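Encoded as structure tokens, the structure appears first; notes follow it.
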Amino acid sequence: MDCIFCKIIEGELPCYKVYEDKRALAFLDINPVNKGHVLIVPKEHHRNFLDLPKDLLKDLTSLAQDLAQNIMDGVGATAFNLTANNGKEAGQQVEHFHWHVIPRFANDHLHHWPGKTFSDEEMKRFTMTIRKSI
Ligand code: 5GP
Ligand code: ZN
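Residue numbers (this note's numbering): -6 to 127.
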């Protein structure tokens, strides 16, 4: 399989490893948003959040919680973003699930997503269609 993260896990490609256990690997993002930007990946290949077996998702999420403070402490950050991009339109470039842990600093010049405005009618319709699909 031509998956860059599987190759890193297999040791075929190098990485700046920060943590490893039986089921997961954590390493620095090669093109970091901020210093200390870490990716947490399962050793098993799964495409995205929806494809992850629930027990593995629990482990990875728990690991993200365990590592977040250490990552912040390691680079002197005061906050962090925990995100996962799922699907091309959401910006997913590597189709092997990964949590991004992005340390944040005061005045780091990163901006939150801009908000959009929808009418009350549209908001009610979105609520209805989502509720129906649950
Ligand atoms: P995505 O856009 O899929 O959510 O995030 C993929 C991330 O993987 C990007 O932030 C990108 O910089 C990082 N990345 C891509 N290729 C490599 C690589 O070979 N090594 C490392 N360490 N990170 C990579
Ligand atoms: Zn993979």
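Every residue gets a Cβ at the ideal spot worked out from N, C-alpha and C, and that includes glycine. Note that this is a predicted model, so its numbers are computed, not measured.
Between residue i and residue j, what straight-line distance do the alpha-carbon atoms span, to the nearest angstrom?
| i | j | result |
| --- | --- | --- |
| residue 20 | residue 85 | 17 Å |
| residue 122 | residue 46 | 27 Å |
| residue 94 | residue 112 | 34 Å |
| residue 65 | residue 96 | 6 Å |
| residue -2 | residue 77 | 15 Å |
| residue 5 | residue 125 | 46 Å |
| residue 92 | residue 105 | 18 Å |
| residue 3 | residue 38 | 11 Å |
If the criterion is Cβ atoms closer than 9 Å, does the pair residue i and residue j meet it?
| i | j | result |
| --- | --- | --- |
| residue 70 | residue 98 | yes |
| residue 41 | residue 80 | yes |
| residue 18 | residue 36 | yes |
DSSP three-state label for residue i, please.
| i | result |
| --- | --- |
| residue 87 | coil |
| residue 97 | strand |
| residue 79 | coil |
| residue 3 | helix |
| residue 63 | helix |
Excluding sequence positions up to five away, which residues of its chain have a Cβ less than 8 Å from the Cβ of residue i?
| i | result |
| --- | --- |
| residue 10 | 18, 19 and 20 |
| residue 88 | -4, 40 and 41 |
| residue 13 | 19 |
Residues in the same chain with beta-carbon distance under 7 Å from residue i, minus the five sequence neighbours each way, listed in chain order, please.
| i | result |
| --- | --- |
| residue 67 | 29 |
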